[in-house]
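Undergrad: Here the numbering used here runs 12 ahead of the position in the sequence shown, where the first position is 1.
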Amino acid sequence: MCKKLLPAVLLLGLSVLCMGQNQVPEISNVSVKVDPKSRTAFIKYDLADQEDDDLTVYLTVSEDNGKRYLVDTRRAQGDLGEGIAPGKDKKIVWEYGTFNAHISMIYFRIVADDGYRISVDDIMKEVEEDRIRDDLARLTLGQNHQTEEGHKGLYIVRDDIEKSYQTAGLDIQTQKFSFGGYNGKNIIGKKAGIANEKDNYIVFAHYDSREAKIGSVVNMSGIVGVLESMRILSKYNFKKSIRWAAFDLSYPEYMGSSFYVWKDGGFPKDENIEGGYFLNGIGSDIHQPGEFLDVFKIDERDQWLREEYKGNFVFAIGNTRSQDMVDKFRESIDKYKPEMKFSSKVVEGYGEKYYSIQNGDQSAFWYHKYKAIALTTWTGTRPISYPKDAKTYADAALVLNSTDAISKIVQVTIANIIEAAEIQHVGIYESSLMDHLRS
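#1: T72 and T52 - do their beta-carbons sit closer together than 8 Å?
#2: Mapping DSSP to helix, strand and coil, what is D147?
#3: Could you spell out where the beta strand (DSSP E) holding R222 opens and where it closes?
#4: Buried or exposed for S443, going by 16 or more other Cβ atoms inside 10 Å?
#5: Which of helix, strand or coil does DSSP assign to E431?
#6: With a threshold of 8 Å, are at least 3 pairs of Cβ atoms found where one atom belongs to the stretch 171 to 187 and the other to the stretch 335 to 347?
#7: Once DSSP output is grouped into helix, strand and coil, what is the label at L334?
#8: What residues are listed by DSSP as bridge partners for R255?
#9: Report the rounded CA-to-CA distance for S40 versus Y57, giving the unit in angstroms.
#10: With a 10 Å radius around its C-beta and 16 neighbouring C-beta atoms as the bar for buried, classify A113 as buried or exposed.
#11: Considering just the uninterrupted stretch of the beta strand (DSSP E) at W390, what are its terminal residues?
#12: With a cut-off of 8 Å, does the C-beta of S221 fall near any C-beta of chain B?
#13: Within a Cβ cutoff of 6 Å, which residues of the same chain sit near V422, ignoring the five residues on either side of it in sequence?
#14: Compare the Cα-Cα distances from K210 to each of K365, S74, A417 and I369 and report the closest residue.
#15: On the CB-based measure, 16 or more other CB atoms within 10 Å of its CB, does P48 come out buried or exposed?
#16: According to the neighbour-count rule (16 or more other Cβ atoms, all chains shown, within 10 Å of its Cβ), is G160 buried or exposed?
#17: What residue range is occupied by the uninterrupted beta strand (DSSP E) comprising L291?
#18: The alpha helix (DSSP H) that contains K175, what's its start and end?
#19: Could you tell me if K381 is buried or exposed, where buried requires 16 or more neighbouring beta carbons within 10 angstroms of its beta carbon?
#20: Beta carbon of D282, beta carbon of L82: below 8 Å?
#21: Answer yes or no: do G205 and I184 have a C-beta to C-beta separation smaller than 8 Å?
#22: Based on Cα-Cα distance, which residue from I426, V44, S296 and Y441 lies nearest to R450?
#23: Can you round the beta-carbon distance between Y213 and I430 to whole angstroms, since I take them to be within the 8 Å contact cut?
#24: Could you spell out where the alpha helix (DSSP H) holding S270 opens and where it closes?
#25: What does the alpha-carbon distance come out to for the pair S419 and S296?
#26: Among D339, T425 and G288, which one has its Cα closest to the Cα of Y379?
#27: Please work out which residues of its chain come closer than 6 Å, Cβ to Cβ, to Y119, disregarding the five sequence neighbours upstream and downstream, and give them in chain order.
#28: Hey, quick one: how far does the alpha helix (DSSP H) through L239 stretch, first residue to last?
#29: Per DSSP, which one or two residues make a beta bridge with Y70?
#30: Just how far apart, CA to CA, sit R150 and Y405?
#31: Between the stretch 432 to 441 and the stretch 121 to 130, can you find at least three pairs of beta-carbon atoms closer than 8 Å?
#32: What does the Cβ neighbour count give for A433, buried or exposed, with the cut at 16 atoms within 10 Å?
#33: Select from P37, F54, D76 and T68 the residue whose C-alpha is nearest the C-alpha of Q62.
#34: In chain order, what residues of the same chain have a beta carbon less than 6 Å from the beta carbon of R222, not counting five sequence neighbours either side?
#35: CA-CA distance, I385 and M337?
#36: From what residue to what residue does the beta strand (DSSP E) around Y441 run?
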């Protein structure tokens with residue numbers, strides 16, 4: 013069965029129509045007894061799988077009414093971990109110790125993964141270039157903090173991003189902050205990991221611009237890439253958490269991302285950032301040699317700037333801490349998009365030796381010792397020539413960006429996250445502990 017109407021406490025973890033014909037495992041007949049003296053919970057459950065696969069079973073616990081499942085359950089023993097055969101009367105014994113919350117706020121989940129994995133290629137094919145083009149046209153409004161028109165654009169784009177997160181069913185966080193007389197607002201959507209919510213991967217871009225005419229190149233291609241990856245990946249379940257972040261006040265000096273990774277009200281201090289993907293100018297068709305391209309010292313630079321390579325290459329920028337992310341992205345390019353040219357630059361620290369690299373949102377992550385890579389197709393740092401025939405910012409966006417390049421880079425980013433965050437095919441049982449103690 014693809015979806016069975018069961019009590020609300022039983023979630024079958026459907027990713028996309030049960031990922032074809034393979035059915036998710038089922039967890040049923042759950043009972044719990046608690047010994048308050050030894051602070052131990054005794055859990056019994058039945059486990060079924062239509063394909064009769066051995067399963068990997070996790071126990072996760074929340075102490076905030078099921079909002080986040082971060083409680084340490086490493087003491088739990090029994091029918092947990094890999095190689096659990098389907099059957100009746102499975103048992104888990106968990107010495108829970110001391111909770112930081114009242115028992116009425118304690119929720120638990122039993123998660124069973126059958127190991128079935130949908131093809132990465134099939135998921136990548138869900139990227140729609142037409143949708144990316146529509147997003148780029150709709151969201152390129154010359155938004156900035158310097159003009160009245162730019163402020164109107166900011167409000168519209170913020171509202172659109174939040175609605176997109178809501179439609180995808182994400183947990184939404186907003187972070188308001190002030191800097192230099194400007195009021196900024198970061199917008200983050202979260203797809204919680206179902207077995208290890210604490211570890212996170214973040215796909216991010218900034219939605220403001222230095223001034224209206226360059227916003228269509230430098231930031232909105234990144235934002236539409238964030239939204240497209242979000243629409244696709246949010247339909248699946250992952251072992252680890254994924255966040256999609258739209259940062260404000262990138263000018264001056266990546267303030268939005270800095271406030272997010274550093275200040276209270278940003279990234280939770282009790283969670284981890286395993287890696288970040290900064291999508292910045294990922295559709296730019298501007299081929300101007302400048303400081304940025306010179307930093308790469310590409311031997312074939314002149315060849316890269318020829319007309320036929322427009323929109324068919326990508327630069328990855330990391331620091332030494334993020335070397336493995338750069339290498340993994342290169343491997344994914346070779347595997348999934350071998351027609352694309354690829355070059356990378358790995359710098360020390362937070363890129364302070366190179367202004368054109370240091371002055372980006374990825375540097376906020378580097379500065380605070382988090383892994384992150386920046387992805388871009390923009391080859392120059394000189395002023396961009398605004399299309400003379402463009403009547404609107406949207407017209408300019410579609411002239412100055414390659415939606416084919418955006419699509420390809422989003423696809424490879426998706427492939428990386430599928431592996432890093434560990435896609436799952438799971439059945440999930442969720443309940444409050446108090447409900448079982450009452451019964």
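Ideal Cβ positions, reconstructed from N, Cα and C, are used throughout, including at glycine.
TA: According to the structure shown:
#1: no
#2: helix
#3: Taken as a continuous stretch (DSSP letters only), R222 belongs to no beta strand (DSSP E), as it is neither H nor E.
#4: buried
#5: helix
#6: no
#7: Per the sequence shown, residue 334 should be read as Ser rather than Leu. Looking at S334 - three-state DSSP - the assignment turns out to be helix.
#8: K202 and I214
#9: 6 Å
#10: exposed
#11: Run containing W390: none; DSSP gives neither H nor E here.
#12: This model lacks chain B altogether, as it is built from one protein chain only.
#13: V139, G237, E240 and S241
#14: S74
#15: exposed
#16: The amino acid at residue 160 is misidentified as Gly; the sequence shows Glu. E160 comes out exposed.
#17: N284 to L291
#18: E160 to T179
#19: exposed
#20: yes
#21: no
#22: V44
#23: About 10 Å separates the two Cβ atoms, so there is no contact after all.
#24: M267 to W274
#25: 12 Å
#26: G288
#27: S74, G78 and S444
#28: M232 to L245
#29: V123
#30: 10 Å
#31: yes
#32: buried
#33: P37
#34: Y263
#35: 7 Å
#36: V438 to S444
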